[in-house]
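The numbering used here puts the sequence shown at residues 170 to 919.
Even glycine gets a Cβ: it sits at the ideal position worked out from N, Cα and C.
Structure first, then comments.
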Amino acid sequence: MAADPRDPVTEAPLSPPPGGAGSKDRAEDGAKDRAVADGAGTVRAEDADPFVRAVATELPGGTGPVGARPAPEPVLLPDTALPVDAVPRSLVSHGCWYPSVDPGGRHVAFVCDRAGVPQLWAGPVEGDDVHLLDDEPHPVTEVAWSPDGRWIAYTTAPGGGEHTRVLCVRPDGTGRRVLAGGEPGTSAHLGCWTHDGSALAVTVAEAPAHLPPAGAEAGGPGADAVSPAPLPEGWAARDGRATLLTAPSRPPTAALAPGGPPASAEPVPRTLSAYLVAPDGSAAPVLLASERDAASLRVCDVSRDGRLALLRRGPRGRREALVVRLHDLRVTCGVPVADGDPWIGAFAPDARTLWLRSDHAREHAALYAVVLDRRGHRLGLTVAAERDGSGLDLLALDRDGRGAVLSWNVRGVSELEVAALAAAGTAGPPRAVPLPHEVVTRVAVTADPDAPVVALSGSLRRPGVWWLPQGASLRTPWSSRDEDVAPGAHPPVRPVPVRPVARDGLDLGGWYYRAPGRSPAEPAPCVLHLHGGPEEQERPVFEPLYHELLGRGLDVFAPDVRGSSGYGRSFVDADLGRGRFAAIDDVADCAAHAVLEGLADPRRLAVMGHSYGGYLAMASLVWHPDLFRTGVPVCGMSDLTTFFAGTEPWLARSAAHKYGHPDRDRELLHELSPMSRIDALRVPVLAVHGEHDTNVPPGESEQFVRAARERGVEAELLVLRDEGHDFRRADNRRAFRRAAADWIQRHLAG
């Protein structure tokens, strides 16, 4: 059977292309780099990629690729376990999310913000004896309990920023240590555990070579003695270090001494490296893969016999799953996979079948079975479970690999199923699992395949963790009660789905929230809120910002313009290139829909959004200057050229596919930038940004506000301390909500 033309290399290492003019020309093409095995076993190159890949074939100290260096040694930290009574419960109604269960399935580690910041907790699914396992103020983002039950690994975001680190702790709160990401300039991401629990996969964004190694754990004793070297030309001096995408880089074949300085003052491309790390430091880290100038790299599974690893890599819109043979670190097969949740799949117990969540050659993601031979080569590819018009949102295999929990996205609402998996690559008839709320955000398998633990959210509840044994819906005692979701205020509002139509005939989507107490026939002041991504999707979950606006008598319309997920691959790609102009027009068409339906008052419209939604809010204000009376862009890009110059390198690599290349498409990026039309701005603007945002640097908001003021337009900037691109601290989130609602209410009055 011939390999699919979208497959990466078969039976070949990922390595830099050979030098010479031909390689340089191909690198400048910007097309996808693939080598494909045909039916005869020969290899041909196709669509070269400027983002060079490399998998290390030796551990550091040998002749591995540029930038491949040892993972930081684990650093032991003081124990910080606290009982629940010792923690101030500043939030009457709190959120619990990202559960991971112990081997028995009766205890859960999870993230909770009951003390005002997302932190690591653990407790039983049937009792309220929960404990805080890390009392530091750094927000926790991901959690993974080891299969042997001895360790809980988790990711934190020091200072609320985007540079993260991976730690582990015993379930009783002892033995806490940093595994990766503790050195200046580095960032680390959580991967999978090996099935015996002896090692954890982590991905490390290597510190730039011109920085000295850390002399102590960040924030620990002696940390003040470590000072980064002066930044060379081409580096951005701010919290978090990023390179200009167009800055000169070293030739891909240049060699570095492990841990040594670069051979020149030019910046070295940042490298993502994946390791297996012993949580107790009893063994040296094992390097699995390394990729220069990478957009993403995550280890999703290691086969039970230790022969194969499943990696997810690539930029947005071009993700792929790679099977890597561990004894020689060669890629044996690959399949394109869907964006969204990074945990894309896992191996069957005998590693002869790989289960994947993929939208390969289809509009919506489905469950694929990839049949492998003993050496990891692909023998076949079939769809094991699918739905017409709906995509597979989350996939989790149970502990023995013979069953799966499938969460489907049905126009923004989750539907959950449990299915048996056969060794032949087929799935048995699924059993539906009733849900008490609209959206599943995380699935944690237990020892019983019919008793998963899930994180749920909905329009009438805050995020919580539920146990679903044999179809029952049991809320964990430590999650917020539904009746406490909005204490002392109007009850939460259940939105209604709306289906606007764009001016070019494309069907759009979204949800409309009606302020409590308003007559159905009364046109209301309305706020259009635009989600980020652009590949995110508006879903019916409880959003405190919406609740704040609704409590002020303001309706909220949260649309899905083109580029959003949940409507198929064609819809996601409909905003690429010059299609982004149509996405900007979609915002105006959604506003017109709300007005024509008699819901919104055309004289009292506001627009706001976060991240890409912040960009769209700015763009809407200057492309449609008479439509809105005010706007609140949050962490938005005001100029796509300065955004590319200042963002993190990995994000720039991903964003180039979505927005355009900063060199080849410079003219288009200028045309699409709100700053290029700032003279058209006529209404007041409140911009909001996190001070440690390295995804979209604060300068994007600063230059928009400055330009507005220079033109006599009222404009303010709210900077939230100890926050990055996402606002995680309860006090900052509350300040943001109130400031935004005050601003909009004042400018829509009358």
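How big is the Cα-Cα spacing for R906 and D542?
54 Å
In angstroms, rounded to a whole number, what distance separates the CA positions of L917 and D365?
59 Å
Contacts around H659, its chain only, beta-carbon distance under 6 Å, and the 5 residues preceding and following it disregarded:
P685, G720
What residues are listed by DSSP as bridge partners for G514?
L525
C-beta atoms of P669 and C759 nearer than 7 Å
yes
Three-state secondary structure (DSSP) of N864
coil
So, is L466 buried or exposed, given that buried needs 16 or more other C-beta atoms within 10 angstroms?
buried
Is H779 buried or exposed, if buried means 16 or more other CB atoms sit within 10 Å of its CB?
buried
Can you list, in chain order, the stretches of the beta strand (DSSP E) that have 3 or more residues and sit fully within the segment 649-684?
678-682
So for P327, helix, strand or coil by DSSP?
helix
Pick helix, strand or coil for G545, following the three-state DSSP scheme.
coil
Anticipated Cβ contact below 8 Å, R898 with G329, distance rounded:
7 Å
Apart from the five residues on each side of it in sequence, which residues of its chain come closer than 7 Å, Cβ to Cβ, to S559?
H533, W577, N578, V579
Do you know whose CA, among W290, E295, R283, lies nearest G274's CA?
E295
Mapping DSSP to helix, strand and coil, what is W290?
strand
Between the C-alpha atoms of N901 and P853, what's the straight-line distance to the nearest angstrom?
23 Å
Taking the C-alpha atoms as reference points, what is the distance between E375 and P605?
43 Å
Give the single residue among V857, E892, A910, D808 whose Cα lies nearest to the Cα of L886.
V857
Quick one: residues in its chain with C-beta nearer than 6 Å to the C-beta of S823, no 5 flanking neighbours on either side, listed in chain order?
A464, P484, R485
Assumed close pair L495, L480 - CB separation to whole angstroms, cut-off 8 Å
That pair is no contact at about 11 Å.
Would V696 and L677 be called neighbours here (beta carbons separated by less than 7 Å)?
no
Using the Cα positions of S262 and A641, report the straight-line distance between them to the nearest angstrom.
24 Å
Using 10 angstroms around the beta-carbon of S472, count the other beta-carbons present and answer buried if the total reaches 16, otherwise exposed.
buried
Have a look at Q914 and F726 and give me their C-alpha separation to the nearest angstrom.
16 Å
Per DSSP, the bridge partner or partners of S583:
N578
For T811, three-class secondary structure by DSSP
helix
What span of residues does the alpha helix (DSSP H) with G720 cover, start to end?
713-720
Classify E836 as buried or exposed, calling it buried when 16 or more other Cβ atoms lie within 10 Å of its own Cβ.
exposed
What residue from A313, A326, H332, T333 has the CA that sits closest to T363's CA?
A313
Just grab the DSSP bridge partners of P505 for me.
E489
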